[in-house]
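**Q** Sequence order for the protein chains is A and B.
Per the working numbering, the very first residue in the first sequence carries number 1; after that it's consecutive.
Per the working numbering, the very first residue in the second sequence carries number 1; after that it's consecutive.
Quick reminder that beta carbons are idealized off the backbone N, C-alpha and C, glycines included.
Because the structure is a prediction, the values reported are computed rather than measured.
For reference, the structure I am asking about is given below.
Protein chains: 2
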Amino acid sequence: MKINVVQNVLDANDRIAMDNRALFDKNRTYVVNLMSSPGAGKTTLVEKTIDALKDKYAISVIEGDIQDTCDADRIAVLGIPVVQINTGGACHIDGNMVRETLPSFDLDKIDLLIVENVGNLVCPAEFKIGENIKAMILSTPEGADKPAKYPLIFQESAAMIINKTDLIPYVDFDMERAKRDALVSNKDLAIFEVSCKTSSGLSDWFRWLEDKIEAYKKQNP
Amino acid sequence: MKINVVQNVLDANDRIAMDNRALFDKNRTYVVNLMSSPGAGKTTLVEKTIDALKDKYAISVIEGDIQDTCDADRIAVLGIPVVQINTGGACHIDGNMVRETLPSFDLDKIDLLIVENVGNLVCPAEFKIGENIKAMILSTPEGADKPAKYPLIFQESAAMIINKTDLIPYVDFDMERAKRDALVSNKDLAIFEVSCKTSSGLSDWFRWLEDKIEAYKKQNP
Numbered sequence: 001m002k003i004n005v006v007q008n009v010l011d012a013n014d015r016i017a018m019d020n021r022a023l024f025d026k027n028r029t030y031v032v033n034l035m036s037s038p039g040a041g042k043t044t045l046v047e048k049t050i051d052a053l054k055d056k057y058a059i060s061v062i063e064g065d066i067q068d069t070c071d072a073d074r075i076a077v078l079g080i081p082v083v084q085i086n087t088g089g090a091c092h093i094d095g096n097m098v099r100e101t102l103p104s105f106d107l108d109k110i111d112l113l114i115v116e117n118v119g120n121l122v123c124p125a126e127f128k129i130g131e132n133i134k135a136m137i138l139s140t141p142e143g144a145d146k147p148a149k150y151p152l153i154f155q156e157s158a159a160m161i162i163n164k165t166d167l168i169p170y171v172d173f174d175m176e177r178a179k180r181d182a183l184v185s186n187k188d189l190a191i192f193e194v195s196c197k198t199s200s201g202l203s204d205w206f207r208w209l210e211d212k213i214e215a216y217k218k219q220n221p
Numbered sequence: 001m002k003i004n005v006v007q008n009v010l011d012a013n014d015r016i017a018m019d020n021r022a023l024f025d026k027n028r029t030y031v032v033n034l035m036s037s038p039g040a041g042k043t044t045l046v047e048k049t050i051d052a053l054k055d056k057y058a059i060s061v062i063e064g065d066i067q068d069t070c071d072a073d074r075i076a077v078l079g080i081p082v083v084q085i086n087t088g089g090a091c092h093i094d095g096n097m098v099r100e101t102l103p104s105f106d107l108d109k110i111d112l113l114i115v116e117n118v119g120n121l122v123c124p125a126e127f128k129i130g131e132n133i134k135a136m137i138l139s140t141p142e143g144a145d146k147p148a149k150y151p152l153i154f155q156e157s158a159a160m161i162i163n164k165t166d167l168i169p170y171v172d173f174d175m176e177r178a179k180r181d182a183l184v185s186n187k188d189l190a191i192f193e194v195s196c197k198t199s200s201g202l203s204d205w206f207r208w209l210e211d212k213i214e215a216y217k218k219q220n221p
């Protein structure tokens, strides 16, 4: 009997992610995989992005957490369809977890699906879920040494949102170093300096994301 | 031929961690496994702890990072023996990585070995390395919802150091919620409210750690 060996878990995940992607393309759903350290501001950025783009696009959200539904609760009150993934200990979302949520969505009515990953600057970057782009948040209190120390997530992301710029007077954050080191990992990285608290800089992020969605829709008429 | 199957990677790791522990006990070396999200202040807490305790104890440090040696460089300038582990992508330190560093140390001359783990609030908590205690840092900009969302690291730690209390006026941090939820995971958790920047609250941490080391030495005469 021939035994098929799955070469590694990442290969298997890539195949599931490709299936997800095919399904999203069929329904013209643009998917953002949003990643960061715990507490960098993912859920707040999702809330602000919903607020800015909900009149133009039908938006849905997948919340990834080890346990708890407190982030999903924050999205649900905005009247946005949201599904919570509880990973039960796992440190990232993978393609299969996303696939399991899809029957809960009416995909052909969704323009933009935002997947908020588990708070973790390492593992989520290794797993495709069928997204169009990965985007990541670096918050100023984390420090400017993070791009040099955690290069993969910067390399894999299309955008880096530098959040909590309102805290710059109170933390040691070398903006030029953070940007320079991130661009070493990924010279095409789009960079936004924002404060989700004051909304400073967010309009550039909204416009950039809108351009991405429009370009995608043109490619998939 | 009988094939021995290692039941899972955590079992194998536990055995290596026990071997490490036996070697530490033989040399009366107290080992702290220090964990947190990226940028919560692990290296700064290590620097401050060295400064406070170096006249009483011989201290050494293992720095764990995916790549880079910038944290180890910060410790080396203090004249403290330090070994850098570069995990090359892995999101945590395990027992075997620590074992590989041990020939670099003169263990019988080390009273306190601090292992600074990779910045990650999830995976490091799953792996024993032969430590006496795990300790973790929660920084106030990360938010008070972290104990509810990432319970394992609070459950596994003997101490939670709430750092960056100097930023409390500028961030939304519910101290009572953070402490209450952390104690739900671990009713015996020792909690310290500190600012590594201003040194506020650190003396309680130093005293607690000193008591732990002294108690260990009494048990291993």
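For the segment 88-115 of chain A, which residues have a CB atom closer than 9 angstroms to at least one CB atom of chain B, in sequence order?
**A** Within the segment 88-115 of chain A, the residues whose Cβ lies closer than 9 angstroms to some Cβ of chain B are G89, A90, C91 and H92, listed in chain order.
**Q** How is B/F192 classed by DSSP in three states: helix, strand or coil?
**A** Your numbering for residue 192 of chain B matches position 192 in the second sequence. Here B/F192 sits in strand by DSSP.
**Q** With respect to the beta strand (DSSP E) encompassing A/G64, which residues constitute its N-terminal and C-terminal limits?
**A** Position 64 of the first sequence, counting from 1, holds the residue named residue 64 of chain A. I59 to D65 is the span of the beta strand (DSSP E), which, as asked, contains A/G64.
**Q** Suppose the cutoff is 7 angstroms on Cβ atoms and the five residues either side in sequence are ignored; what does the same chain contact list for A/I137 look like?
**A** As a first step, residue 137 of chain A is located in the first sequence; it is residue number 137 there, counting from the start. Around A/I137: S36, A40, G41, K42, L45, I161 and N163.
**Q** How should A/T198 be labelled, buried or exposed, when 16 other C-beta atoms within 10 angstroms of its C-beta is the threshold for buried?
**A** For the purposes of this step, residue 198 of chain A is taken as residue 198 along the first sequence, with counting starting at 1. Exposed.
**Q** Alpha carbon to alpha carbon, what distance is there between B/A144 and A/P262?
**A** Nothing can be reported for residue 262 of chain A, as the shown portion of chain A is limited to 1 through 221.
**Q** With a cut-off of 8 angstroms, do at least 3 Cβ pairs link the segment 199-218 of chain A to the segment 60-69 of chain A?
**A** no
**Q** Where does B/S139 sit, in a helix, a strand or coil, going by DSSP?
**A** Position 139 of the second sequence, counted from the first residue, corresponds to residue 139 of chain B. Of the three classes helix, strand and coil, the one that applies to B/S139 here is strand, per DSSP.
**Q** Starting from B/L45 and walking both ways along the alpha helix (DSSP H), at which residues does that stretch end?
**A** Numbered from 1 along the second sequence, position 45 holds the residue referred to as residue 45 of chain B. Element bounds for B/L45: K42 to L53.
**Q** Can you check which of these residues, A/E131, A/E193, A/K218 and A/S185, is closest to A/A22 by C-alpha distance?
**A** In the first sequence, counting from the first residue as 1, residue 22 of chain A sits at position 22. The residue with the shortest Cα to Cα distance from A/A22 is A/E131.
**Q** So, with DSSP's three-state summary, where would you put B/V115?
**A** Here the question's residue 115 of chain B lines up with position 115 in the second sequence. Note: B/V115 maps to strand in three-state DSSP.
**Q** Are the CB atoms of A/A17 and A/K134 within a distance shorter than 8 angstroms?
**A** Within the first sequence, residue 134 of chain A is the residue found at index 134, counting from 1. Within the first sequence, residue 17 of chain A is the residue found at index 17, counting from 1. Contact flag unset, no.
**Q** So A/C123 contacts chain B; which residues on that side make the cut at Cβ distance below 9 angstroms?
**A** As a position in the first sequence, residue 123 of chain A is number 123, starting the count at 1. Those within 9 angstroms of A/C123 in chain B are C91, N120, V122 and C123.
**Q** What does the alpha-carbon distance come out to for the pair A/S85 and A/I114?
**A** Taking the first sequence and counting its residues from 1, one reaches residue 85 of chain A at position 85. Taking the first sequence and counting its residues from 1, one reaches residue 114 of chain A at position 114. Per the sequence shown, residue 85 of chain A should be read as Ile rather than Ser. Distance between the alpha carbons of A/I85 and A/I114: 13 angstroms.
**Q** Can you find the residues in the same chain that come closer than 6 angstroms, C-beta to C-beta, to B/P151, ignoring five residues on each side of it along the sequence?
**A** As a first step, residue 151 of chain B must be located in the second sequence, where it is residue number 151. Contacts found: S185.
**Q** Just checking my contact of A/P38 with B/L121 at CB under 8 angstroms: how many whole Å lie between their CB atoms?
**A** Looking up residue 38 of chain A in the first sequence gives position 38. Looking up residue 121 of chain B in the second sequence gives position 121. With 8 angstroms as the limit, A/P38 and B/L121 qualify as a contact, their Cβ atoms being about 5 angstroms apart.
**Q** If you follow the alpha helix (DSSP H) that A/L202 is in, where does it begin and where does it stop?
**A** Start at 1 with the first residue of the first sequence, and residue 202 of chain A comes out as number 202. Per DSSP, A/L202 belongs to the alpha helix (DSSP H) from L202 to Q219.
**Q** Just mark A/V171 as buried or exposed, buried being the case when its beta carbon has 16 or more other beta carbons within 10 Å.
**A** Within the first sequence, numbered from 1, the residue matching residue 171 of chain A stands at position 171. A/V171 sits buried, since 16 or more C-beta atoms from the chains shown fall within 10 Å of its C-beta.
**Q** Does the beta-carbon of A/N220 have 16 or more other beta-carbons within 10 angstroms, so that it is buried, or is it exposed?
**A** Here residue 220 of chain A refers to the residue found at position 220 when the first sequence is read from its first residue. The residue in question, A/N220, is exposed, as its Cβ has fewer than 16 Cβ neighbours within 10 Å.
**Q** For B/P38, would you say it is in contact with chain A, using Cβ-to-Cβ distances shorter than 8 angstroms as the test?
**A** As a working mapping, residue 38 of chain B is identified with position 38 in the second sequence. Chain A, which has a Cβ nearer than 8 angstroms to the Cβ of B/P38, makes this yes.
**Q** Which first and last residues belong to the beta strand (DSSP E) in which B/N86 is found?
**A** To locate residue 86 of chain B, count along the second sequence from 1; it is residue 86. Counting along the chain, the beta strand (DSSP E) containing B/N86 begins and ends at V82 to N86.
**Q** For chain B, check one thing: does any of its Cβ atoms lie closer than 8 angstroms to the Cβ of A/Q67?
**A** Here residue 67 of chain A refers to the residue found at position 67 when the first sequence is read from its first residue. At a cut-off of 8 angstroms between beta-carbon atoms, A/Q67 makes contact with chain B.
**Q** Distance, Cα to Cα, B/K179 vs B/D166?
**A** As a working note, residue 179 of chain B is residue 179 in the second sequence. As a working note, residue 166 of chain B is residue 166 in the second sequence. When rounded, the distance between both Cα atoms is 17 angstroms.
**Q** Could you check the C-alpha separation between B/E126 and B/V32 for me, to the nearest Å?
**A** The residue labelled residue 126 of chain B in the question sits at position 126 within the second sequence. The residue labelled residue 32 of chain B in the question sits at position 32 within the second sequence. Their Cα atoms are separated by approximately 15 angstroms.
**Q** Based on DSSP bridge pairs, tell me the residues matched to A/I133.
**A** The residue you call residue 133 of chain A lines up with position 133 of the first sequence. A/I133 is bridged to A/V32.
**Q** Which of the three DSSP states is assigned to A/N120 in this structure?
**A** Position 120 of the first sequence, counting from 1, holds the residue named residue 120 of chain A. In this structure, A/N120 counts as coil in the three-state DSSP scheme.
**Q** When you compare the CB positions of B/D68 and A/K149, do they come within less than 8 angstroms of one another, or not?
**A** To locate residue 68 of chain B, count along the second sequence from 1; it is residue 68. To locate residue 149 of chain A, count along the first sequence from 1; it is residue 149. Taking 8 angstroms as the Cβ cut-off, B/D68 and A/K149 qualify as a contacting pair.
**Q** Identify the continuous alpha helix (DSSP H) that holds A/N96 and give its terminal residues.
**A** Residue mapping note: residue 96 of chain A aligns to position 96 of the first sequence, counting from 1. Here the alpha helix (DSSP H) through A/N96 covers G95 to T101.
**Q** Name the chain A residues that come within less than 8 angstroms of B/G64, Cβ to Cβ?
**A** Against the second sequence, residue 64 of chain B aligns to sequence position 64. Under the 8 angstroms cutoff, chain A gives no residues; its nearest Cβ is about 11 angstroms from B/G64.
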